[in-house]
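There are 2 protein chains.
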Amino acid sequence: MPTDALATRFAALSHPVRIELLRHIAAHKNCGCKDVMAKLDTRLAQSTVSQHLKVLVEAGLITCTIEHPHSRYNLNEAALVGLSASVNDLTEACCPARCCPQNPKD
Amino acid sequence: MPTDALATRFAALSHPVRIELLRHIAAHKNCGCKDVMAKLDTRLAQSTVSQHLKVLVEAGLITCTIEHPHSRYNLNEAALVGLSASVNDLTEACCPARCCPQNPKD
DNA sequence: CCTTTTCATCGTAAATCGACGATGAACGAT
DNA sequence: ATCGTTCATCGTCGATTTACGATGAAAAGG
Chain A
6 MPTDALATRF
16 AALSHPVRIE
26 LLRHIAAHKN
36 CGCKDVMAKL
46 DTRLAQSTVS
56 QHLKVLVEAG
66 LITCTIEHPH
76 SRYNLNEAAL
86 VGLSASVNDL
96 TEACCPARCC
106 PQNPKD
Chain B
6 MPTDALATRF
16 AALSHPVRIE
26 LLRHIAAHKN
36 CGCKDVMAKL
46 DTRLAQSTVS
56 QHLKVLVEAG
66 LITCTIEHPH
76 SRYNLNEAAL
86 VGLSASVNDL
96 TEACCPARCC
106 PQNPKD
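Structure below.
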């Protein structure tokens with residue numbers, strides 16, 4: 006995954022409200038904007054929630070299918086699994102010890 | 006992990022430069038600000054790199070130990086493993102199907 | 001003491017984000 | 001045709017982020 010796309014996904018997760026939205030969507034399939042708005046502990050305007058959902062959709066973390074008069078949001082599980090793996094990869098990336106400046110050259 | 010702390014960690018990862026920094030720190034233990042600055046593809050001022058490193062430290066993703074005249078940065082592997090797990094948890098959180106509005110009530 | 005190296009902090013300017021209310025689109029129901 | 005519901009989009013404003021150069025601290029070496 007290219008670095009910029011990765012950054013976009015993390016940016017989508019970088020707001021507490023969006024994390025809550027994601028959790029709710031994970032737990033409740035096919036929920037709509039109004040459903041999810043009602044469950045938030047911090048009360049926000051509908052337009053604000055819609056914006057947050059849009060950020061999550063554009064980052065590819067959730068999907069939206071319109072089903073009038075509702076928008077049905079669902080988790081993109083593959084994206085989240087991939088993201089989790091990308092984070093995990095960072096912990097296994099160390100090169101052989103001698104290439105690290107244990108004894109700096111300066 | 007509380008939602009706000011989680012958001013802070015994701016925010017630290019939400020910038021491409023910081024992802025690159027993290028990757029380099031993961032691959033090269035004990036590197037300093039100047040080391041890591043030289044490896045970036047986008048050339049940035051030293052003060053800017055120092056700021057980015059500070060964000061990563063404050064999010065708990067890396068550690069900094071001063072060893073004059075260097076600052077030695079290292080990965081906080083536990084934090085990254087935990088973060089990876091937090092992302093993964095989202096994909097396993099679905100409630101029983103009947104609680105989801107497959108057939109919306111209104 | 002003076003210099004050098006490495007790095008952090010400060011102030012600032014441009015850009016982006018987060019929240020809101022207002023508005024309007026889409027479509028089912030009356 | 002007119003509502004009523006759900007939702008997205010727009011414009012705006014304050015707050016935050018990102019980048020920079022300038023400055024200064026800390027210690028080692030001359």
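Chains as they are written, first to last, in the working numbering: chain A, 6 to 111; chain B, 6 to 111.
Where is the CB? At the ideal position from N, CA and C, for every residue including glycine.
This structure is a prediction, so every number in the text was calculated from the model and none was measured.
For residue j and residue i, the rounded distance between their alpha carbons
{"i": "L66 (chain A)", "j": "P74 (chain B)", "result": "43 Å"}
{"i": "S19 (chain A)", "j": "C38 (chain B)", "result": "25 Å"}
{"i": "L61 (chain B)", "j": "A17 (chain B)", "result": "6 Å"}
{"i": "K34 (chain B)", "j": "E72 (chain A)", "result": "52 Å"}
{"i": "M42 (chain A)", "j": "K59 (chain B)", "result": "35 Å"}
{"i": "S55 (chain B)", "j": "L49 (chain B)", "result": "10 Å"}
{"i": "E25 (chain B)", "j": "T53 (chain A)", "result": "32 Å"}
{"i": "G87 (chain A)", "j": "Q51 (chain B)", "result": "33 Å"}
{"i": "A83 (chain A)", "j": "A32 (chain A)", "result": "16 Å"}
{"i": "T68 (chain A)", "j": "T68 (chain B)", "result": "36 Å"}
{"i": "K44 (chain A)", "j": "K44 (chain B)", "result": "45 Å"}
Beta-carbon spacing of residue i, residue j below 8 Å
{"i": "L85 (chain A)", "j": "T8 (chain B)", "result": "no"}
{"i": "S91 (chain A)", "j": "L11 (chain A)", "result": "yes"}
{"i": "N93 (chain B)", "j": "I30 (chain B)", "result": "no"}
C-beta neighbour in chain A for residue i, strict 8 Å
{"i": "P109 (chain B)", "result": "A caution first: P109 (chain B) carries a pLDDT of 41, below 50, which makes its placement in the model unreliable, though a value can still be read off. So yes, P109 (chain B) belongs to the interface."}
{"i": "R48 (chain B)", "result": "no"}
{"i": "I67 (chain B)", "result": "no"}
{"i": "I24 (chain B)", "result": "yes"}
{"i": "L45 (chain B)", "result": "no"}
{"i": "T8 (chain B)", "result": "yes"}
{"i": "A31 (chain B)", "result": "yes"}
CB-CB length for residue i against residue j, believed under 8 Å
{"i": "R120 (chain A)", "j": "H57 (chain A)", "result": "Residue 120 (chain A) is absent from the structure shown; chain A starts at 6 and stops at 111."}
Option in the options with minimal Cα separation from residue i
{"i": "T70 (chain A)", "options": "A:C36, A:A17 and A:L11", "result": "A:C36"}
{"i": "R77 (chain A)", "options": "A:E63, A:A10 and A:D40", "result": "A:D40"}
{"i": "R28 (chain B)", "options": "B:A90, B:L49 and B:N81", "result": "B:N81"}
{"i": "P21 (chain A)", "options": "A:S52, A:D46 and A:N93", "result": "A:D46"}
{"i": "M6 (chain B)", "options": "B:T68, B:N79 and B:A64", "result": "B:A64"}
CB contact check: residue i to chain B, cutoff 8 Å
{"i": "S19 (chain A)", "result": "yes"}
{"i": "L61 (chain A)", "result": "no"}
{"i": "L95 (chain A)", "result": "yes"}
{"i": "V41 (chain A)", "result": "no"}
{"i": "N92 (chain A)", "result": "The sequence as given places Val at residue 92 (chain A); Asn does not occur at that position. Cβ-Cβ to chain B under 8 Å: yes for V92 (chain A)."}
{"i": "L58 (chain A)", "result": "no"}
{"i": "V86 (chain A)", "result": "yes"}
{"i": "A16 (chain A)", "result": "yes"}
{"i": "S89 (chain A)", "result": "yes"}
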